[in-house]
Every structure is written in C-alpha cells, then in structure tokens.
Amino acid sequence: MNRFAALIDALVFMPSRNGKIRLLVEHFATAPDPERGWALAALTGALSFREAKPAAIRELAATRVDPDLLALSYDYVGDLAETVALIWPERPERSNSLPPSLDEVVEALRAAKRGQVIGLVEGWLDTLDSSGRFALLKLITGALRIGVSARLAKTALAEWGKAARPEVSVDDVEEVWHGLTAPYVELFAWLEGRAERPATGAGAGFRPMMLSHPLEEEDRAALDPAAYAAEWKWDGIRVQMVARGGERRLYSRTGDDVSGAFPDIVDHMSFDAVLDGELLVARDGVVAPFNDLQQRLNRKTVTAQMLRDGPAWVRLYDILFDGDEDLRGLSFVERRARLERWYEAVRPRRMDLSPLVPFDRWDELVALREGARENGIEGLMLKRRDSAYLAGRPKGPWFKWKRGALTLDTVMMYAQRGHGKRSSYYSDYTFGVWRGEELVPVGKAYSGFTDAELVELDRWVRNHTTRRYGPVREVEAGLVLEVAFDSVHPSNRHKSGLAMRFPRVHRIRWDKPAHEADRLETLAAMVAG
Amino acid sequence: MSAALHSNQGRPHPDTWIKVLPEGLYVEPGGFYIDPVRPVARAVVTHGHSDHARPGNRTVLATSGTLAIMRQRMGEGVGGSLQALDYGETLRIGDVTVRMVPAGHVLGSAQVVMEHAGSRVVVSGDYKRRLDRTCAPFEPVPCDVFVTEATFGLPVFRHPPDLGEVQKLLHSMALFPERSHVVGVYALGKCQRLITLLRAAGYDRPIWLHGALEPLCRLYSSLGVELGELRPATVAAKEELKGALVLAPPAAVADRWARRLADPVVAVASGWMRVRQRARQRGVELPLVISDHADWDELCQTLEDVGAPEVWVTHGREEALVHYATGRGIRARALALIGFEDEDSEGMPEKAGEGEAS
Chain A
1 MNRFAALIDA LVFMPSRNGK IRLLVEHFAT APDPERGWAL AALTGALSFR EAKPAAIREL
61 AATRVDPDLL ALSYDYVGDL AETVALIWPE RPERSNSLPP SLDEVVEALR AAKRGQVIGL
121 VEGWLDTLDS SGRFALLKLI TGALRIGVSA RLAKTALAEW GKAARPEVSV DDVEEVWHGL
181 TAPYVELFAW LEGRAERPAT GAGAGFRPMM LSHPLEEEDR AALDPAAYAA EWKWDGIRVQ
241 MVARGGERRL YSRTGDDVSG AFPDIVDHMS FDAVLDGELL VARDGVVAPF NDLQQRLNRK
301 TVTAQMLRDG PAWVRLYDIL FDGDEDLRGL SFVERRARLE RWYEAVRPRR MDLSPLVPFD
361 RWDELVALRE GARENGIEGL MLKRRDSAYL AGRPKGPWFK WKRGALTLDT VMMYAQRGHG
421 KRSSYYSDYT FGVWRGEELV PVGKAYSGFT DAELVELDRW VRNHTTRRYG PVREVEAGLV
481 LEVAFDSVHP SNRHKSGLAM RFPRVHRIRW DKPAHEADRL ETLAAMVAG
Chain B
1 MSAALHSNQG RPHPDTWIKV LPEGLYVEPG GFYIDPVRPV ARAVVTHGHS DHARPGNRTV
61 LATSGTLAIM RQRMGEGVGG SLQALDYGET LRIGDVTVRM VPAGHVLGSA QVVMEHAGSR
121 VVVSGDYKRR LDRTCAPFEP VPCDVFVTEA TFGLPVFRHP PDLGEVQKLL HSMALFPERS
181 HVVGVYALGK CQRLITLLRA AGYDRPIWLH GALEPLCRLY SSLGVELGEL RPATVAAKEE
241 LKGALVLAPP AAVADRWARR LADPVVAVAS GWMRVRQRAR QRGVELPLVI SDHADWDELC
301 QTLEDVGAPE VWVTHGREEA LVHYATGRGI RARALALIGF EDEDSEGMPE KAGEGEAS
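Line order of the protein sequences matches chains A and B. Heads up: the first sequence at position 187 corresponds to 187 in full-length UniProt numbering, and the numbers run straight through without jumps. Heads up: the second sequence at position 322 corresponds to 322 in full-length UniProt numbering, and the numbers run straight through without jumps.
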C-alpha cells in the first residue's frame with residue numbers, strides 16, 4: 001500500500017501530463033505483479049468491489065476522535081477522506097504490524113460481504129501512515145479524482161513498454177486492453193517482452209477510434225470534392241458501441257467505459273457488432289441541446305428521472321465489426337453500404353443513421369454549413385471515400401469542418417495563475433459583459449493567445465489589479481477580450497444565467513474601451529434552441 | 001510542581017496583571033510588552049520573525065541570538081537600546097522576575113518565564129518540540145498559566161518525521177534530474193533548518209539561494225551553524241541550475257523570479273503542506289511538511305509537560321485546542337491578540353513581499 005500511496009500522492013500534486021506519465025512509468029517499472037496491475041485498475045476505474053459510504057467513514061472516525069475536533073477539522077480541510085486520513089490517531093503498536101499491501105487490500109475487499117468492509121478498513125487504518133490512509137480511503141469511497149484518465153494510464157503503459165517493445169503504440173495497448181481484466185498480468189508480461197501479445201479476439205474491448213483534423217481553408221482548396229463524402233457533425237460525444245459474445249459496452253472516444261451511465265442505450269444493443277456513432281439526448285427523434293446531454297455525463301449510475309428527462313440516442317456513423325467480420329480495412333464507401341444494410345436488417349431502437357449530405361461543389365457545403373444553426377449540429381465532417389478505418393488521427397482521410405464560432409466582446413474581470421509552466425503567469429481569465437452599469441461574469445478562458453501575448457496579458461493583470469482573493473486577482477474593467485465560443489446555453493450555476501461552450505480568447509482588443517464591450521442581452525439572444 | 005504553585009490562596013490571578021492591549025500583551029507590574037505590534041517604551045521579544053520582532057521600540061530585551069537577527073534585518077530601525085538576556089539568566093523588571101528559556105522555534109527563540117506575586121506565567125512565543133540543529137531545544141517549564149501558540153491547533157496537523165520529508169525531496173531530484181527543484185522557505189529559520197536537514201541526510205552538493213535568503217544564512221554561519229556550500233541563485237545561469245536545489249522565499253517560488261529556473265519543480269516546506277488541497281491550490285508540486293511550529297500532538301504533549309492548570313491560547317486555531325484542554329480539566333481560553341499572522345496569510349506564493357512567521 002505504501003508504494004501505491006506514494007504514487008497517488010505524487011500524482012495529486014503533479015501538474016503536467018508528461019510528469020504524470022513519468023510517475024506512472026516509474027511505478028510500472030518498480031512495482032511487482034499483481035500490485036502494479038491493481039494500481040492500474042484503480043487509476044482507470046476498473047476496480048469493482050463493495051464500496052464504503054462517506055457517512056460510514058465519518059462514523060468510524062468518530063469512534064476514535066473527539067467528534068467536535070473531527071467536525072472542526074473537517075470544516076477546515078473540506079474533504080472527508082483527507083480529513084480522516086490526517087486525523088486518524090496512530091497507535092504506538094503500529095510498528096508491530098505491517099501495513100497491508102495493495103494486493104491484500106484489493107483481494108480482501110473483493111471477497112468482503114456487506115457489513116465487513118468497515119471492519120477491514122478500521123484495521124488497515126491502524127497500520128497505515130497518513131498517505132496510506134488517504135490512498136485507502138480514496139480507493140474505498142470509489143473516487144480517486146486525481147487527474148489521471150484511463151487514456152493517460154494507457155499512454156504511460158505504451159511509453160514504459162517501449163524499452164522492450166519499441167513498436168507498441170498507445171492504440172495497441174487500447175486494442176488489447178478490454179480483453180483483459182485486472183491485475184493485467186499478461187499485459188505487463190507482453191510489454192516487458194516476456195510473452196506474446198494478448199489475444200483480442202471476440203472480447204467486448206474498445207477498438208481505437210479514427211479521429212479527424214480540423215479543416216483549414218488552405219487545405220480545402222487542395223481537396224477534390226469528388227473524393228470526399230460529407231455528413232453532419234452532431235453535437236454530442238463520440239462513442240463506440242461494442243456488442244460481442246454476449247457482452248455489451250459503450251465507450252467514450254478515449255476508451256472510458258460509460259455503459260453504466262447509459263442503460264437506455266446498452267439495453268438496446270441486442271446485436272453482434274462494433275459501431276461508431278454520436279451519443280445525443282433526443283426526444284422523439286429531435287436532438288436536444290448539448291447541455292441536456294451534459295446532465296448525464298460523468299456519472300457512474302443514472303436515476304429513473306434522468307432517464308426520463310434526457311433520453312439517450314445514438315446516431316450511427318460507421319461500422320467496424322459485423323459479427324466476427326472486421327470491416328476496418330474496407331473503404332468508407334463500402335463500410336457505409338454495410339452500415340446501411342446492417343441497420344435495415346437490425347433496426348435497433350434508440351439509434352438511427354447519420355445521413356450523408358450530398359454535394360458536388362465546395363460552395364454548396366459552405367452555404368449548408370453557415371445555415372446549420374439548429375440544435376445538435378456542430379458542423380460538417382468530410383471523409384475520403386476510399387479511406388480505411390484507421391486508429392488515431394491520420395492526416396488527410398477525415399476532416400472536421402466546424403461551423404463558424406460565435407464571438408462576443410467581453411471585459412476581463414478576474415485572472416488566475418495557470419499551472420505547470422504557466423504557474424508564474426496569470427493565464428486563466430474570467431470575463432464578463434455589461435448588465436446595466438455592472439459587469440456580470442459569463443465565462444472563463446485560458447487559451448487562444450500566443451506565448452508573447454500571454455506575457456503582455458500577465459503584465460497587464462499585474463499592473464491593473466484592484467483586489468486579491470487567494471490565487472485570484474480582480475482587475476480593473478479596462479481590457480476587452482473578444483471571445484469565441486461554439487454555443488451558449490442557459491445555466492443556473494452562473495450569475496449571468498448563461499454558460500458558453502468552448503470559450504477561448506479570439507483577439508485581445510487593446511484598442512477598445514471597456515464600456516463598448518457587449519451587453520448580456522446580446523449574449524442571451526445567441527442561446528441555442 | 002509544588003501544590004503551593006497551584007493554589008490561588010491570596011495571590012492575584014495573572015489576568016489581573018497581564019493584559020491584552022492594542023499594542024500587545026502587557027505585563028503591568030513590569031511595565032513591558034511581549035512582542036508588541038506597535039512601538040512601545042519597553043519590549044520583550046521572543047524571537048526574530050517580523051510579526052513578533054518589530055522595529056522602533058525604545059528598549060528591547062531579547063536573547064543575544066534574537067538581537068543579532070533583529071540588527072541584521074532592521075539595521076538602524078531596530079530600536080533604542082537593546083539588552084541581551086540569554087537562556088538561564090534572570091532579570092528583575094519592576095515587580096517581575098523574567099527568565100528566557102529555549103523555545104526550539106528558530107535560532108535565539110525564547111519562552112518568556114515571568115514570576116510575580118507568587119505566580120509563574122510562561123509565554124511560549126512560537127515553539128516546536130522536535131530536533132532542530134539550528135537552535136536550542138524547547139524546555140517545558142511548570143507554571144500556573146501557560147500562554148501557548150496554536151498555529152497548527154487542529155488534530156489534522158501532524159508533522160511527519162523530517163527525514164522522510166527530506167527524502168521525498170531527494171527522491172524527486174533523482175526522478176527529475178534535468179529540472180531545478182525550488183523550495184519555498186521562510187528566510188529566517190526554515191531556510192537554515194532545511195539546509196541542515198539536507199546535510200544530515202547526506203546531500204553535499206552546493207545549495208543555491210535567492211538573494212533574500214543570503215544575509216540570514218551568513219548570520220547563522222557566523223553564529224556557528226554549519227550550512228555547507230551555498231551559492232547565489234540570482235546570478236546563476238539557467239544551465240547551471242539544471243538539476244540544482246534552489247531555496248527561495250515562498251512568494252518567489254511560483255512567481256516571476258522562478259522563470260529563470262529550468263522547468264522547476266515547485267516545492268514548499270511548511271506545516272500547511274499537510275493538507276493536500278491547500279498545497280495544490282497554491283500550485284505546489286512537491287509539498288514538504290516541515291514546520292518550525294508544534295503540531296497538534298506536540299501542543300497537547302506540551303500542555304501535559306508544563307502541567308499548568310490554566311492555558312491561554314493565541315494566534316492560530318484556538319477553538320480546537322481550547323476544547324481539548326477543557327476536556328482535560330484545564331481552564332482554557334482564547335487570547336485575542338491582534339497583529340499575529342501565520343504562514344497561512346503570509347508568505348505563501350500569493351502574497352507579495354517576503355514570507356515570515358514560519
């Protein structure tokens with residue numbers, strides 16, 4: 001447990017992606033089987049055992065610590081797992097009993113019956129140090145939340161595997177991943193060059209998805225319209241539906257298993273195929289704003305009410321497997337024909353085909369794209385007719401051509417320091433627009449400017465600070481940021497009642513007086529749907 | 001401790017002769033203030049941190065270590081006449097006998113032990129109980145009233161062993177050999193203590209210093225604290241600082257000054273680093289829980305060791321310690337002193353100016 005705890009601690013504080021990969025690589029290289037596999041499972045959310053509820057942890061702590069002191073401490077710290085980890089009284093006899101290994105913890109929890117978990121936890125807390133207690137409590141309350149995605153962990157695996165298997169990419173790891181279960185002994189053996197690549201076969205594993213590049217105007221001029229098919233780019237999240245050998249899984253673009261949150265889709269996957277599509281919320285076939293889908297994302301489970309209010313739908317783009325037959329080597333046109341045939345034959349509920357958009361010349365598409373302001377359409381996709389389904393983001397076969405962004409002139413209100421390389425710069429800006437005589441915040445942006453512009457923005461913030469709140473500086477209403485964003489939605493989390501999607505700094509309007517910035521009414525008029 | 005010391009028979013209670021005034025804690029029969037926040041005629045100073053030792057007092061009584069630190073930091077403004085009272089020496093001021101006893105906080109730090117009208121009151125100043133090679137260790141003094149600090153007065157604050165924290169730093173340096181490691185430390189005390197901890201752990205390479213840390217390191221060396229080879233970081237080339245260990249005031253580690261370093265790992269050495277969320281909010285990548293203040297267990301142990309039937313709790317999270325002491329049958333109350341700041345509000349990366357009151 002100590003090594004796992006040290007890893008968790010280091011990951012919690014590591015701001016950079018590369019640094020996190022480095023820490024994970026070191027862990028894979030030094031921890032033995034099966035411990036490293038359990039750690040990997042914990043990080044990727046692949047561990048399942050009986051969890052302990054926060055309330056039970058709090059009750060347990062109150063048996064060891066004065067409840068008033070516990071309450072004062074919890075108020076101060078703000079996180080229950082951390083409070084209990086820090087406050088748990090260490091017993092002098094601790095040194096006589098060894099702390100459990102991660103293997104022991106995982107195995108005991110997997111075998112535990114209801115009612116046994118808290119007793120186990122109590123015994124372990126007595127033998128662990130505070131980092132160990134923190135890792136344990138995070139593990140058993142089922143929420144690590146330490147900024148490591150499944151994709152990042154797999155990237156680190158591929159990176160670590162390079163020593164013995166230089167040919168292995170993260171997509172290879174992805175490909176074998178879902179055929180395997182924790183603690184992944186055969187995966188580590190393969191990456192260490194001690195065993196063959198694990199078979200992927202009929203498992204309900206994730207197949208690395210094919211991704212697109214944004215279409216630049218220069219690119220388009222060089223493209224032959226006859227070589228490309230066009231389809232709408234729907235405004236949901238890309239998913240892969242895998243129904244193989246009786247197993248059913250719904251994966252996000254990065255290979256995270258989101259099946260648990262979307263039983264209304266999984267229930268209807270009574271077929272044997274692997275499909276690529278867009279997950280949406282749709283009522284009677286009408287796509288709802290992205291905001292509605294947002295309510296259902298990042299959840300492990302779902303309530304009956306959520307299923308009723310935001311019914312999920314998948315709009316199909318592609319077919320990767322039909323039964324055992326791997327179609328990924330076929331051309332787009334051939335796969336499309338297979339997809340249509342498959343759909344006619346199966347007619348799955350809660351799914352439909354994303355229609356192709358016929359066109360002969362680019363200017364026809366330009367007009368269509370500009371007109372596409374209704375719900376659910378983010379722009380167009382262009383796919384080379386002769387392109388195979390390739391893992392990753394090859395340049396050339398697929399382009400995304402998003403509709404033009406909306407823009408708004410806003411006023412910088414607050415600035416916050418960035419992380420990692422940007423930690424000495426004020427690089428995250430909260431901006432607002434006018435409502436009467438006051439500014440109301442409408443969003444936050446931390447991209448869209450160059451490094452040189454960041455230096456200037458940082459200097460401006462420092463020279464125009466009016467107040468400080470911890471890491472945040474309030475600035476004079478004196479700098480106009482032209483912000484670009486994809487859409488705007490009603491939101492009860494923001495004072496302005498509106499929230500933007502993908503806001504970024506489009507231009508810094510050093511020249512424009514703040515009072516000429518836009519008003520809240522202007523933004524409200526842009527609300528989608 | 002004798003029973004007589006505990007009995008109140010015929011003796012004026014200390015709260016009749018020690019008062020909280022706007023200038024600070026006033027000891028009436030001696031006519032002096034302890035760690036006054038505004039200039040006064042007679043000041044007794046527990047240690048050199050800027051929230052305890054302030055300039056402009058007419059007379060100052062402190063240990064010679066503390067006086068040397070005050071002279072170094074304040075120069076001309078240090079005050080009128082300075083008088084040294086070293087550990088173990090006693091001095092009669094008005095109707096009060098004053099003695100200085102080591103507090104173990106920083107070099108020169110002292111508890112002020114006062115006897116008047118048959119009662120003994122100890123004002124702890126800031127203190128800690130663990131080993132510090134840069135200063136004399138804390139000595140518990142039995143007393144009738146113990147005035148204690150409570151900077152880390154919550155049971156979540158338990159400082160782990162120092163050596164483990166230093167090893168965390170050395171491990172990170174081994175893992176990222178091409179990056180600079182910059183550690184935020186208070187100029188007085190924490191800086192020199194961390195250096196001695198590193199040296200004790202076998203780290204013998206040069207340690208690079210932000211300019212603000214140099215004068216006190218020189219002073220410590222001249223007073224016999226071995227610090228090994230130190231070099232100025234401010235003039236060093238970026239290339240030289242790759243893989244180097246750099247110490248800087250907390251305010252500088254994540255600010256413009258740090259841009260000169262090679263992709264730095266930002267560390268801060270402070271008791272506050274115990275709480276992950278707080279360390280993370282401040283952009284600290286490598287938190288080192290090394291403190292010059294007593295942690296919760298040390299605070300509780302100290303109440304036990306001094307055996308005072310009454311405790312006054314100052315600057316910090318008074319509520320929890322008052323609750324704890326009351327539960328142990330000790331009369332306890334919070335003593336609301338103004339002007340004392342803890343690390344929390346001072347010296348962390350957001351605060352301009354140099355951090356202090358470690």
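For every residue, glycine included, the Cβ atom is placed at its ideal position computed from N, Cα and C.
How many angstroms separate the CA atom of residue i from the CA atom of residue j?
| i | j | result |
| --- | --- | --- |
| Ala136 (chain B) | Val27 (chain B) | 26 Å |
| Lys400 (chain A) | Gly123 (chain A) | 55 Å |
| Arg336 (chain A) | Gly432 (chain A) | 46 Å |
| Val287 (chain A) | Leu380 (chain A) | 16 Å |
| Arg92 (chain B) | His323 (chain B) | 35 Å |
| Leu11 (chain A) | Val265 (chain B) | 13 Å |
| Ala112 (chain A) | Arg50 (chain A) | 7 Å |
| Asp66 (chain A) | Gln116 (chain A) | 24 Å |
| Leu23 (chain A) | Leu247 (chain B) | 24 Å |
| Phe32 (chain B) | Ala254 (chain B) | 41 Å |
| Ser387 (chain A) | Gln240 (chain A) | 19 Å |
| Leu316 (chain A) | Pro355 (chain A) | 9 Å |
| Gly243 (chain B) | Trp257 (chain B) | 18 Å |
| Ala195 (chain A) | Thr181 (chain A) | 17 Å |
| Arg179 (chain B) | His419 (chain A) | 16 Å |
| His52 (chain B) | Ala163 (chain A) | 57 Å |
| Met74 (chain B) | Arg218 (chain B) | 16 Å |
| Met210 (chain A) | Leu152 (chain A) | 18 Å |
| Gly470 (chain A) | Ala251 (chain B) | 12 Å |
| Glu350 (chain B) | Ile330 (chain B) | Note that Glu350 (chain B) scores a pLDDT of 30, beneath 50, so its modelled location is shaky and nothing firm can be said. |
| Leu139 (chain A) | Ala279 (chain B) | 21 Å |
| Asn463 (chain A) | Arg282 (chain B) | 21 Å |
| Leu286 (chain B) | Val182 (chain B) | 10 Å |
If residue i sits next to residue j, beta carbons under 8 Å apart, how far is it from one beta carbon to the other, in whole angstroms?
| i | j | result |
| --- | --- | --- |
| Glu149 (chain B) | Asp126 (chain B) | 5 Å |
| Arg64 (chain A) | Trp88 (chain A) | 7 Å |
| Ala294 (chain B) | Phe152 (chain B) | 7 Å |
| Val122 (chain B) | Pro14 (chain B) | Their Cβ separation, rounded to whole angstroms, is 10 Å, which puts Val122 (chain B) and Pro14 (chain B) out of contact at 8 Å. |
| Ala273 (chain A) | Gly323 (chain A) | 7 Å |
| Gly108 (chain B) | Gly65 (chain B) | 2 Å |
| Trp17 (chain B) | Phe157 (chain B) | So it is not a contact: roughly 33 Å between Cβ atoms. |
| Leu498 (chain A) | Val527 (chain A) | 7 Å |
| His105 (chain B) | Asp292 (chain B) | 5 Å |
Output, in chain order, the set of chain C residues within a Cβ distance shorter than 8 Å of residue i.
| i | result |
| --- | --- |
| Val77 (chain A) | Judged by its chain identifiers, the structure shown contains no chain C, and its protein chains are A and B. |
Can you tell me whether residue i sits near the ligand ADP, meaning its C-beta is under 7 Å from at least one heavy atom of the ligand?
| i | result |
| --- | --- |
| Leu520 (chain A) | Ligands in the displayed structure: none, and consequently the ligand ADP is not present. |
**the segment 299–306 of chain A touching the segment 260–272 of chain A, judged by at least three CB pairs closer than 8 Å** = yes
**Item:** Every unbroken beta strand (DSSP E) within the UniProt domain "ATP-dependent DNA ligase family profile" (316–435) of chain A, with a cutoff of 3 residues, ordered by chain
**Value:** 351–353, 377–384, 398–402, 406–417 and 426–435
**Inter-stretch contact at 8 Å, needing at least 3 Cβ pairs: the segment 436–451 of chain A / the segment 501–516 of chain A** = yes
**Request:** Tell me, please, whether the segment 204–212 of chain A touches the segment 234–251 of chain A by the rule of three or more beta-carbon pairs shorter than 8 Å.
**Result:** yes
**Request:** Scan the segment 43–114 of chain A and note each continuous alpha helix (DSSP H) run of 4 residues or more that stays entirely inside, going in chain order.
**Result:** Those alpha helix (DSSP H) runs which fall completely within the segment 43–114 of chain A and span 4+ residues are 54–62, 67–77, 80–87 and 102–111.
**Prompt:** Counting only runs that start and end within the segment 150–184 of chain A, where is the beta strand (DSSP E) found for 3 or more residues in a row?
**Reply:** none
**Request:** Could you tell me whether the segment 454–462 of chain A touches the segment 387–405 of chain A, where touching means 3 or more Cβ pairs closer than 8 Å?
**Result:** Too few Cβ pairs lie closer than 8 Å, so no.
**Message:** Restricting to runs no shorter than 3 residues, where is the beta strand (DSSP E) found entirely within the segment 166–206 of chain B?
**Reply:** 181–184
**Message:** Residues of the segment 287–319 of chain B in Cβ contact with chain A at a cutoff of 7 Å, in chain order, please.
**Reply:** Going along the segment 287–319 of chain B in chain order, one finds Pro287 and Glu319 with a Cβ nearer than 7 Å to chain A.
**chain B contacts made by the segment 416–447 of chain A, where a contact means CB separation under 7 Å** = Arg417, His419, Ser423 and Ser424
**Request:** Count the C-beta pairs between the segment 411–428 of chain A and the segment 224–243 of chain A that are closer than 8 Å, then say yes if the count reaches three, no if not.
**Result:** Taking 8 Å as the limit for Cβ pairs, the verdict is that the segment 224–243 of chain A does not touch the segment 411–428 of chain A.
**Prompt:** In chain order, which continuous runs of the beta strand (DSSP E) of length 3 or greater are located wholly inside the segment 38–123 of chain B?
**Reply:** 42–44, 57–62, 79–84, 90–93, 96–102, 110–116 and 119–123
**Request:** Would you list, in chain order, the members of the segment 245–259 of chain B that have their beta-carbon closer than 7 Å to a beta-carbon of chain A?
**Result:** Ala254, Asp255, Arg256, Ala258 and Arg259
**Asked** Are the segment 304–314 of chain A and the segment 339–358 of chain A touching by the rule of at least three beta carbon pairs closer than 8 Å?
**Response** yes
**Message:** Three Cβ pairs or more, each shorter than 8 Å: is that satisfied between the segment 25–45 of chain A and the segment 98–109 of chain A?
**Reply:** yes
**Asked** When Cβ atoms are compared, which residues of the segment 13–36 of chain A fall closer than 9 Å to chain B?
**Response** Phe13, Met14, Pro15, Ser16, Gly19, Arg22, Leu23 and Glu26
**Prompt:** Which residue spans inside the segment 479–529 of chain A form an unbroken alpha helix (DSSP H) run of at least 4?
**Reply:** 520–524
**Asked** Counting Cβ pairs, one atom from each stretch, are 3 or more of them under 8 Å apart for the segment 139–148 of chain A and the segment 169–176 of chain A?
**Response** no
**Message:** Please identify, using Cβ separations under 8 Å, the residues of the segment 453–474 of chain A that lie next to chain B, in order along the chain.
**Reply:** Arg468, Gly470 and Pro471
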